[in-house]
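Take the sequence shown: its position 105, counted from the start at 1, is 106 in the working numbering, and no numbers get skipped. Here's the structure, in structure tokens; my notes come after.
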Amino acid sequence: MQITTENLTFEYDAGTNLSVRAVDGISITIPGGQYVGIVGHTGSGKTTFVQLLDALIKPTGGRILYDGNDIYDRKYNRKEMRSKVGIVFQYPEYQLFEETVLKDVCFGPKNIGMKKEEAEAAAKEALSKVGIREENFDASPFELSGGEKRRVALAGVLAMKPEVLILDEPTAGLDPQGREEILKLLSDLHKSGMTILLVSHSMEDVAENVERILVMDHGTIVYDGDSKEVFSHVGELEEMGLAVPAVTYIMRDIHVLGLNVRENITTEDEAVEEILAALRENRS
């Protein structure tokens, strides 16, 4: 499913002297199946932007199109769209409320019209996909660990079989193992063909996982490219209150110390290969 925005704008308290333009004229196309990272400082507009994409709030200007169709056209079925575009909020485990894990994950599928048996089958499939064991299906979601709660909340969205998955800081508050598990799951979903939009404050997460990065500042997209292109703007990003991945700073320092390595390295694996290659070149 291709997502297109045309001059997309949103103002809080529009029409008053307290109005704040959180999204300011964004025009962009995200092809189906792409894995996109969205980064920006607090207040840059990234959360508002993804809420607009899921029709949780209505734009004050511009258009949003899915596969060329305006989602605010009178004939457009936004209820059906919400079954195809799933959003997982920051700390989604706070949204868990049912008596059991299975009932909680069934809520979304039932809400979009699935029959009980169909919803349960979809819920069990989604729970298995996120790594929740069958023995926990009848447990209270509040008895699970933080990482397991996060995966149950994600399963609740996956059970609706979306084509697009939007996640707002999905690894926030998780320990390193939980973070790696969530990111591995997202990578697997992307490989299966799902479009993923990952809002994150972690430059390492986006550098290691996504294929395209959007940098937001004051409601606009200021950089749009792959990790090497985006993270080449070190000074500009720092002026926005952002940083590049830690490994990029390390490689820059190593270069200053005299080892002939590239400075635009953004992942640890790439850094190891680059340093070993430079050392071999020195020996020869």
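We put the beta carbon where it would ideally sit given N, CA and C, even for glycine. Since we're looking at a predicted model, the values are computed, not measured.
Is it right to say residue i is buried, meaning 16 or more other beta carbons lie within 10 angstroms of its own, or is it exposed?
i, result
"residue 173", "exposed"
"residue 143", "exposed"
"residue 257", "exposed"
"residue 121", "buried"
"residue 270", "exposed"
"residue 98", "exposed"
"residue 280", "exposed"
"residue 283", "exposed"
"residue 169", "buried"
"residue 69", "exposed"
For the candidate residues the options, whose alpha-carbon lies nearest to that of residue i?
i, options, result
"residue 73", "282, 236, 224, 6", "6"
"residue 232", "100, 156, 205", "205"
"residue 43", "219, 21, 192, 263", "219"
"residue 201", "17, 20, 39, 21", "39"
"residue 114", "195, 84, 91, 169", "84"
"residue 16", "184, 61, 208, 151", "61"
"residue 163", "246, 69, 194", "194"
"residue 158", "20, 248, 124, 136", "124"
Are residue i and residue j closer than 7 Å when you measure CB to CB?
i, j, result
"residue 252", "residue 272", "yes"
"residue 140", "residue 102", "yes"
"residue 54", "residue 27", "no"
"residue 190", "residue 37", "no"
"residue 51", "residue 167", "yes"
"residue 217", "residue 46", "yes"
"residue 33", "residue 196", "yes"
"residue 261", "residue 229", "no"
Look at the alpha carbon of residue i and the alpha carbon of residue j, and state the distance between them as a whole number of angstroms.
i, j, result
"residue 226", "residue 117", "43 Å"
"residue 11", "residue 66", "16 Å"
"residue 80", "residue 57", "11 Å"
"residue 180", "residue 239", "25 Å"
"residue 171", "residue 95", "13 Å"
"residue 1", "residue 175", "Any question about residue 1 goes unanswered here, given that the chain covers just 2 to 285."
"residue 4", "residue 49", "16 Å"
For residue i, which residues of its own chain have a beta-carbon under 6 Å away from its beta-carbon, when the five flanking residues on both sides are left out?
i, result
"residue 156", "106, 127, 128, 131"
I'd like the list of long-range same chain contacts for residue i, defined as Cβ closer than 8 Å, with 5 residues on each side in sequence excluded.
i, result
"residue 222", "27, 29, 215, 216"
Who are the near neighbours of residue i in its chain, counting only those whose CB is closer than 7 Å to its CB and skipping five residues on each side?
i, result
"residue 154", "89, 93, 94, 96, 97"
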